[in-house]
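*Asks:* Sharing a structure, written as structure tokens. Questions coming.
Numbering (full-length UniProt numbering), first residue to last: 1 to 234.
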């Protein structure tokens, strides 16, 4: 199984790791190194580590800084490693099946079916889950020294959203001010027209006039006094 750094692993799969020529880590004495050689990993691109702390240090440095980009290890060791460092690292697939361990019996031995059933009962039953919980604990992280900020998102990831919000706010303010000025300008213009002495005179004349034709004539005279015709220039 492949272990890489969180929260944004730079390694997606083994093919990408082979193509990038990044360094990979393994435990010395494990059969994993032989598997890596079969997968065409260069010998000079493999680095061994002896302790989990050394593995963490190599992964933190990265392949370009004298460390490693990923770790190959057996599933039990990987689960134990992630039980303590799951806030910093994660696993990516696939999981490679190997020959594993076996039992040798004489041909025709009556113990073969009993042992096979017992192994299946343990590996595929509740007993295996109980063993994993006893050794690895629940699926919660116990590395309290790790800062939770490694999984948080910075403000730089939302700059586009902030820009859109600011633009929308500015446009809304401009529209509001435009409507406000237009409405109050119309009201001010109407008030100036009503408060004009000529308009008051017109109203007094309308009140005193009895003939509608006279009212229309007076209205035309008042309007011509408000808006005189332009004179032609010679």
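Ideal Cβ placement from N, Cα and C applies to all residues, glycine included. Please read all numbers here as calculations on a predicted model, not as lab measurements.
Touching or not, the segment 101-117 and the segment 49-64, by the rule of three or more beta carbon pairs under 8 Å?
*Replies:* no
*Asks:* With H, G and I counted as helix, E and B as strand and the rest as coil, what does DSSP make of residue 75?
*Replies:* helix
*Asks:* Can you tell me whether residue 63 is buried or exposed, with buried defined as 16 or more other CB within 10 angstroms of its CB?
*Replies:* Counting Cβ neighbours within 10 Å, residue 63 comes out buried, since at least 16 surround it.
*Asks:* Nearest-angstrom Cα distance between residue 43 and residue 96?
*Replies:* 20 Å
*Asks:* For residue 73, count neighbouring C-beta atoms within 10 Å of its own C-beta (all shown protein chains included) and say buried if the count is 16 or more, exposed if not.
*Replies:* buried
*Asks:* Rounded to whole angstroms, what is the Cα-Cα separation between residue 19 and residue 159?
*Replies:* 34 Å
*Asks:* Out of 180, 68, 181 and 60, which has the shortest C-alpha to C-alpha gap to residue 87?
*Replies:* 60
*Asks:* With distances taken from CA atoms, which of 36, 89 and 29 is nearest residue 14?
*Replies:* 36
*Asks:* With a threshold of 8 Å on Cβ separation, who are the neighbours of residue 31 within its own chain once the five nearest residues in sequence on each side are excluded?
*Replies:* Excluding sequence neighbours, residue 31 sits near 98.
*Asks:* Once you ignore the five residues that flank residue 28 on each side, which residues in its own chain have a CB closer than 6 Å to its CB?
*Replies:* Closer than 6 Å at Cβ, skipping near neighbours: 48.
*Asks:* Who does residue 169 pair with in a DSSP beta bridge?
*Replies:* None; residue 169 has no bridge partner.
*Asks:* Is it the case that the Cβ atoms of residue 45 and residue 21 are separated by a distance below 9 Å?
*Replies:* yes
*Asks:* Any idea if residue 131 is buried or exposed, counting beta-carbon neighbours within 10 angstroms, 16 or more meaning buried?
*Replies:* Its Cβ having fewer than 16 others within 10 Å, residue 131 is exposed.
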